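There are 2 protein chains.
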Amino acid sequence: MSYYRYHVFFCTNQREDGSACCQNFNARETRNYAKDRIKTLGLAGKGGVRINIAGCMDRCSQGPIIAVYPEGIWYTYVDNDDIDEIIEEHLVNGRIVERLVI
Amino acid sequence: MSYYRYHVFFCTNQREDGSACCQNFNARETRNYAKDRIKTLGLAGKGGVRINIAGCMDRCSQGPIIAVYPEGIWYTYVDNDDIDEIIEEHLVNGRIVERLVI
């Protein structure tokens, strides 16, 4: 059993040279939104969900991206509605949100 | 098949209040060492190994820590010799280094 049922990594990397990076899409703010939602839903902690900051995961051109482990499912997102859908479908109900998979 | 065969996350979080955190053990420098080793070994990239920076993974008292996905194996380490052993045993040969598992 994994320490976290779902360990979610948001790339929040900011490049300084203007090239593609997830923080250009305010990834850190979106991560904070997701973290707050998980806490509100009572899903945070060991055996539950961890919403983590990560550095560059080297899929910059497909960003903004998140990785969900241990499944190894990668998503992109446009806004908090997409995050809500990933939380509700995947992290609560265990169903992959195919339309957002990269 | 996971995008990376092994996606390794080093907590490099620095707390400012003096409490336990992985960066107190120079985690960022150790992560850079591991990343360089993986590159030198020709293991970096899609289908291979990614050595990633991560924020706090909330196992601070057991730090410094790394998480290896998709397995969900967590390690601590003392020095670069431990990192070399994790790379050689786990990331090259697929054998868990039990003595460093947390």
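Top line first, the protein sequences correspond to chains G and R. Numbering of the first sequence is given in the working numbering, commencing with residue 21 and proceeding in unit increments. Numbering of the second sequence is given in the working numbering, commencing with residue 21 and proceeding in unit increments. Glycine is no exception: its CB is placed at the ideal position from the N, C-alpha and C atoms. These numbers come from a predicted model, not from an experiment.
**Asked** According to the Cβ coordinates, are isoleucine 58 (chain G) and isoleucine 71 (chain G) closer than 8 Å?
**Response** Yes, the Cβ-Cβ distance between isoleucine 58 (chain G) and isoleucine 71 (chain G) is below 8 Å.
**Prompt:** Among R:Asn113, R:Pro90, R:Tyr95, R:Cys80, which one has its Cα closest to the Cα of leucine 61 (chain R)?
**Reply:** R:Asn113
**Those residues which DSSP pairs with alanine 87 (chain R) across a bridge** = The partner list for alanine 87 (chain R) (beta bridge, DSSP) reads R:Phe29, R:Trp94.
**Asked** Leaving out the 5 sequence neighbours to the left and right, which residues in its chain are closer than 8 Å to tyrosine 53 (chain G) when beta-carbon positions are compared?
**Response** Asn100, Ile103
**Item:** Distance, leucine 63 (chain G) Cα to glycine 67 (chain R) Cα
**Value:** 31 Å
**Prompt:** Is the region 77–95 of chain R in contact with the region 27–44 of chain R, if contact means three or more CB pairs nearer than 8 Å?
**Reply:** yes
**Message:** Give me the residue from R:Thr96, R:Glu91, R:Tyr97, R:Val98 with the minimum Cα distance to arginine 115 (chain R).
**Reply:** The shortest C-alpha separation from arginine 115 (chain R) is found at R:Glu91.
**Request:** Sort out for me which residues DSSP pairs isoleucine 71 (chain R) with in a bridge.
**Result:** For isoleucine 71 (chain R), which the question treats as bridged, DSSP gives the partners R:Val28.
**Asked** Can you list, in chain order, the residues of its chain whose CB lies under 6 Å from that of arginine 48 (chain G), leaving out five sequence neighbours each side?
**Response** Thr32
**Item:** First through last residue of the alpha helix (DSSP H) which encompasses glutamate 49 (chain G)
**Value:** 47–60 is the span of the alpha helix (DSSP H), which, as asked, contains glutamate 49 (chain G).
**Message:** Rounding to the nearest angstrom, what Cα-Cα distance links glutamate 36 (chain G) and glutamate 36 (chain R) in this structure?
**Reply:** 25 Å
**Prompt:** Leaving out the 5 sequence neighbours to the left and right, which residues in its chain are closer than 8 Å to isoleucine 122 (chain R) when beta-carbon positions are compared?
**Reply:** Arg79, Gln82, Ile85, Trp94, Tyr95, Thr96
**Message:** Need the endpoints of the alpha helix (DSSP H) that glutamate 105 (chain R) sits in, please.
**Reply:** 100–105
**Message:** What does the alpha-carbon distance come out to for the pair valine 69 (chain G) and glycine 38 (chain G)?
**Reply:** 33 Å
**Request:** Using a Cβ cut-off of 8 Å, pull out every chain R residue sitting near alanine 47 (chain G), in sequence order please.
**Result:** Simply none; closest approach about 12 Å.
**Prompt:** Whose Cβ in chain R lies nearer than 9 Å to the Cβ of asparagine 74 (chain G)?
**Reply:** Rather than asparagine, the amino acid found at residue 74 (chain G) in this sequence is alanine. Here the neighbours are Phe29, Asn72, Ile73, Ala74, Gly75.
**Prompt:** If you drop the 5 nearest sequence neighbours on each side, which residues of the same chain put their C-beta closer than 7 Å to that of arginine 51 (chain G)?
**Reply:** Phe30, Thr32, Ile71, Ile73
**Prompt:** Any Cβ of chain G within less than 8 Å of the Cβ of serine 81 (chain R)?
**Reply:** no
**Asked** Just the Cα atoms here: how many angstroms apart are histidine 27 (chain G) and alanine 40 (chain G)?
**Response** 25 Å
**Prompt:** Nearest to serine 22 (chain G) by alpha carbon, out of G:Glu105, G:Asn44, G:Gly65?
**Reply:** G:Gly65
**Item:** Coil, strand or helix - valine 121 (chain G) by DSSP
**Value:** Here valine 121 (chain G) sits in strand by DSSP.
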